[in-house]
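**Student:**
2 protein chains.
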Amino acid sequence: MINKLTAKIQKTKAPIVVGLDPMLGYIPEHILRKSYGELGETLEGAADAIWQFNKAIVDAVWDLIPAVKPQIAMYEQFGIPGMAAFERTVAYCQEKDLVVIGDIKRGDIGSTSAAYAAGHIGKVTVGNHVFSPFHEDFVTVNPYLGTDGVKPFLDVCREEKKGLFLLVKTSNPSRGELQDRLIEGRPLYEWVGEKVARWGEELMGGSYSYIGAVVGATYPEMGRVLRRIMPKSYILVPGYGAQGGQGRDLVHFFNEDGLGAIVNSSRGIIAAYKQEQYASFGAEHFAEASRAAVEAMIADINGALEAK
Amino acid sequence: MINKLTAKIQKTKAPIVVGLDPMLGYIPEHILRKSYGELGETLEGAADAIWQFNKAIVDAVWDLIPAVKPQIAMYEQFGIPGMAAFERTVAYCQEKDLVVIGDIKRGDIGSTSAAYAAGHIGKVTVGNHVFSPFHEDFVTVNPYLGTDGVKPFLDVCREEKKGLFLLVKTSNPSRGELQDRLIEGRPLYEWVGEKVARWGEELMGGSYSYIGAVVGATYPEMGRVLRRIMPKSYILVPGYGAQGGQGRDLVHFFNEDGLGAIVNSSRGIIAAYKQEQYASFGAEHFAEASRAAVEAMIADINGALEAK
């Protein structure tokens, strides 16, 4: 799957991922009205509106991008119908040949991590039958419990040729309270980065490992350090656009081959029609606004990489 | 909800929680046969078997205990039907007036944590209607992202009078890789414990805070230290029985009032009939074996507390 991600990035010339994190406030009125009209102002109605919104955006941008990253919390908050909309979104994006990164940030002790891994990127067995319930291609994982909480995910990746992005350094304001604390003179996130590199060594695709890292875009300098610590890991970089990062801040996250990083934008793409810059599309043409925002993001990042 | 937990512990004289973490391998053949017969060897069949198994155990033990802790991973691995069985289990335990601790270990940046908090212990609004999708009473939360990842959960707790257990120190073998690392001479988990105490100060029930901590039973001495750092926080202690802890190892997790800790056992209770000690019940009477195991656990812990 990491080879597929690399191939898709090379084909689209777009080291980006679109975050499918639909809040109801992003969804145009005409979609909400239709879904609520059919299913009521219910969890089912909300989940249907999310699905219709996602589908329109995916239909508008799929040919430009290698991957999407649905944030499961935005679906899970709407209960069972929300989870069903998540799975339907994963399946639809895979039909469009997109790589799907499930942003689930799970992580627990061994047997529990094994259950998460089975449900999201692996298989569960019921009697003589086998199922892949949520079937993402990659998932994000929280490493706070250490190796044995991560190992069940690694085992499933090896078997299924799927991948992980481990949280190393997030982009939220209080990320530093724990992640930046110094241990033997080096911040905690560097130690986690070293673990990611080590976990990834045995799970190599071609030039890159199945095991990547999440590193926020907020401090470009950290990109340089972590890039060195994890030379063969893809870095998933949230924080583009809405969270403040721009193409020129992100060049250090990439390797010399122009690969090794994939930059996420969520609100900046899926709610583009709400920004002044794309307001002329109007709510009816929200998906076209998203396509224009994707094109602008690709141009910004590629421009910065060329100027590097 | 923390006051309800305390009242229920005092009434049952049982500072314990039963972990409803059903693996298919724990479920007796006659239940599996019935569920698969009705729904096939499908995710629906597996989810039904889990639900039937849980219901029988809850019916057998509810009057002895204050709380249950369903581990969501064990449900989530069976996809949408599994998540529905989770919600049904939560609802059923609440009908039995049990406090429900959803072991979900979620945690993300602000807006995403807010979505998890809304979906699990709060409310979501769809048009003019309000829903509580998973409606647990407490949830477990991973603090790796720091205060702003936790704050949305705190806000919901304040509004809904619900509670949290933050991961401070887990009981898995590699917990130490990050959690034990020294920062200014003190292990990371102590710093996290201090944060828990601070976050909890503004969310007090009677004598205890709505904000508790998860601390594994593996090293009794840590219980003493963390008890002092977080005097007003309940400590949820996994690792009893199957993971090796016993009543006498747990006394330091309790305050002088005999409160402040709640000890979890999962496999040791729900799969008791598979242990030599309770094998005479047989698979048909698995729920009675669970009741006997609950009684033994209560006696062990209370005996240790009296001998303290």
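Protein sequences appear in the order of chains P and R. For the first sequence, the residue numbers in our numbering are 1 to 308. For the second sequence, the residue numbers in our numbering are 1001 to 1308. From the three backbone atoms N, C-alpha and C, an ideal C-beta is built for every residue, glycine too.
Closer than 9 Å, Cβ to any Cβ of chain C: which residues of the segment 1221-1233 of chain R, in chain order?
**Tutor:** Absent from the structure is chain C; the protein chains it does hold are P and R.
**Student:** In the DSSP assignment, the alpha helix (DSSP H) including Ala197 (chain P) goes from what residue to what residue?
**Tutor:** Note, Ala197 (chain P): alpha helix (DSSP H), Leu188 to Glu201.
**Student:** Please name the residues in the segment 66-89 of chain P whose beta-carbon is closer than 8 Å to at least one beta-carbon of chain R, in chain order.
**Tutor:** Listed by position, the residues of the segment 66-89 of chain P near chain R (Cβ gap below 8 Å) are Gln71, Ala73, Met74, Glu76, Gln77, Phe78, Gly79, Ile80, Gly82, Met83, Ala84 and Glu87.
**Student:** Just curious, the beta strand (DSSP E) that Ser265 (chain P) is in, first and last residue?
**Tutor:** Run containing Ser265 (chain P): Ala261 to Ser265, per the beta strand (DSSP E) assignment.
**Student:** Under 7 Å between the Cβ atoms of Gly82 (chain P) and Tyr75 (chain P)?
**Tutor:** Yes, the pair counts as a contact, with Cβ atoms nearer than the cut-off.
**Student:** Using 8 Å for Cβ pairs, my map puts Val1196 (chain R) next to Val1225 (chain R). What's the rounded Cβ distance?
**Tutor:** About 13 Å; that fails the 8 Å criterion.
**Student:** Should the segment 1277-1292 of chain R be called in touch with the segment 1228-1239 of chain R, which here means at least 3 C-beta pairs below 8 Å?
**Tutor:** Judged by Cβ distances under 8 Å, the segment 1277-1292 of chain R makes no contact with the segment 1228-1239 of chain R, as fewer than three pairs qualify.
**Student:** By Cβ distance, which residues of its chain are closer than 7 Å to Lys1004 (chain R), with the 5 residues on each side in sequence left out?
**Tutor:** Excluding residues within five positions, the ones whose Cβ falls inside 7 Å are Val1099.
**Student:** Could you name the residues of chain P that Phe1134 (chain R) contacts, counting a contact when the two beta carbons are closer than 7 Å?
**Tutor:** Here the neighbours are Gly79.
**Student:** According to the neighbour-count rule (16 or more other Cβ atoms, all chains shown, within 10 Å of its Cβ), is Asp1137 (chain R) buried or exposed?
**Tutor:** Answer is buried; the Cβ neighbour count reaches 16.
**Student:** Using a Cβ-Cβ cut-off of less than 7 Å, list which residues of the segment 1038-1058 of chain R approach chain P; keep chain order.
**Tutor:** Correct list: Glu1041, Thr1042, Leu1043, Gly1045 and Ala1046.
**Student:** In this structure, does DSSP put Phe138 (chain P) in helix, strand or coil?
**Tutor:** DSSP places Phe138 (chain P) in strand when its eight states are reduced to three.
**Student:** Just to confirm, is the Cβ distance from Ile1027 (chain R) to Ala1049 (chain R) under 7 Å?
**Tutor:** Yes, the Cβ-Cβ distance between Ile1027 (chain R) and Ala1049 (chain R) is below 7 Å.
**Student:** Three or more beta-carbon pairs under 8 Å between the segment 1004-1020 of chain R and the segment 1058-1074 of chain R, yes or no?
**Tutor:** Taking 8 Å as the limit for Cβ pairs, the verdict is that the segment 1058-1074 of chain R does touch the segment 1004-1020 of chain R.
**Student:** Figure out for me which residue from P:Pro15, P:Gly102 and P:Gln52 has the closest Cα to the Cα of Arg33 (chain P).
**Tutor:** Residue P:Gln52 is the option with its Cα nearest to Arg33 (chain P).
**Student:** Determine the contact status of Gly1206 (chain R) and Met1001 (chain R), defining contact as a CB-CB distance below 7 Å.
**Tutor:** No, these two residues do not count as a Cβ contact at 7 Å.
**Student:** What is the residue span of the beta strand (DSSP E) that Phe1086 (chain R) lies within?
**Tutor:** No beta strand (DSSP E) contains Phe1086 (chain R), which is instead part of the alpha helix (DSSP H) from Gly1079 to Glu1095.
**Student:** Check whether chain R comes within 7 Å of Pro152 (chain P), counting only Cβ atoms and requiring the distance to be less than that.
**Tutor:** No, no contact with chain R.
**Student:** For the segment 1174-1185 of chain R, list every residue whose C-beta sits within 9 Å of some C-beta in chain P, in sequence order.
**Tutor:** The residues in question are Ser1174, Arg1175, Gly1176, Glu1177, Leu1178, Gln1179, Arg1181, Leu1182, Ile1183 and Glu1184.
**Student:** Using a Cβ-Cβ cut-off of 6 Å (strictly less than) and excluding sequence neighbours within five positions of Tyr1210 (chain R), which residues of its own chain qualify?
**Tutor:** Answer for Tyr1210 (chain R): Ile1002, Cys1157, Gly1163 and Leu1203, listed in chain order.
**Student:** Excluding five sequence neighbours on each side, which residues of the same chain lie with their C-beta closer than 7 Å to the C-beta of Ala1060 (chain R)?
**Tutor:** Ala1287, Glu1288, Ser1290 and Arg1291, listed in sequence order.
**Student:** So for Met204 (chain P), helix, strand or coil by DSSP?
**Tutor:** DSSP places Met204 (chain P) in strand when its eight states are reduced to three.
**Student:** Anything in the segment 115-139 of chain P with a Cβ closer than 7 Å to a Cβ of chain R? List those residues in chain order, please.
**Tutor:** Cβ contacts with chain R: Ala115, Tyr116, Ala118, Gly119, Val124, Val126, Gly127, Asn128, His129, Phe131, Pro133 and Phe134.
**Student:** Going by the CB atoms, is the gap between Gly146 (chain P) and Leu1145 (chain R) shorter than 7 Å?
**Tutor:** Cβ atoms of Leu1145 (chain R) and Gly146 (chain P): not closer than 7 Å.
**Student:** For the candidate residues P:Ala304, P:Pro133 and P:Lys151, whose alpha-carbon lies nearest to that of Ser375 (chain P)?
**Tutor:** The displayed coordinates of chain P run from 1 to 308. Any statement about residue 375 (chain P) would go beyond what the structure contains.
**Student:** Pick from P:Lys123, P:Gly122, P:Thr125 and P:Leu166: whose alpha carbon is nearest that of Arg106 (chain P)?
**Tutor:** With distances taken between Cα atoms, Arg106 (chain P) lies closest to P:Leu166.
**Student:** Name the one or two DSSP bridge partners that Leu20 (chain P) has.
**Tutor:** Answer by DSSP bridge pairing, in chain order: P:Pro70.
**Student:** My parser needs the beta strand (DSSP E) runs of 3 or more residues fully inside the segment 212-260 of chain P; what are they?
**Tutor:** With a minimum length of 3 residues, the continuous beta strand (DSSP E) runs that stay inside the segment 212-260 of chain P are 235-237.
**Student:** Determine, for Asn264 (chain P), whether the minimum Cβ-Cβ distance to residues of chain R falls below 7 Å.
**Tutor:** Output row for Asn264 (chain P): interface = no.
**Student:** For Val1192 (chain R), which residues in chain P fall below 8 Å Cβ to Cβ?
**Tutor:** Going along chain P in sequence order, the residues near Val1192 (chain R) (Cβ under 8 Å) are Leu178.
**Student:** List the DSSP bridge partners of His30 (chain P).
**Tutor:** In DSSP, His30 (chain P) forms no bridge with anything.
**Student:** Can you name, in chain order, every residue of its own chain whose Cβ lies under 7 Å from the Cβ of Ile1104 (chain R), other than the five neighbours on each side?
**Tutor:** Excluding positions up to five away in sequence, the list reads Ile1072, His1120, Val1139 and Thr1140.
**Student:** Of all the options P:Trp62, P:Phe134 and P:Gly241, which has the alpha carbon lying nearest to the alpha carbon of Thr12 (chain P)?
**Tutor:** Measuring from the Cα of Thr12 (chain P), the nearest candidate turns out to be P:Trp62.
**Student:** If you check the beta carbons only, do Ile1235 (chain R) and Phe1253 (chain R) fall under 7 Å apart?
**Tutor:** Yes, the pair counts as a contact, with Cβ atoms nearer than the cut-off.
**Student:** Is Val1263 (chain R) closer than 7 Å to Val1237 (chain R) when the C-beta atoms are compared?
**Tutor:** Cβ distance < 7 Å, so Val1237 (chain R) and Val1263 (chain R) count as in contact.
**Student:** With distances taken between CB atoms, is the gap from Ala1115 (chain R) to Ile1298 (chain R) smaller than 7 Å?
**Tutor:** No, these two residues do not count as a Cβ contact at 7 Å.
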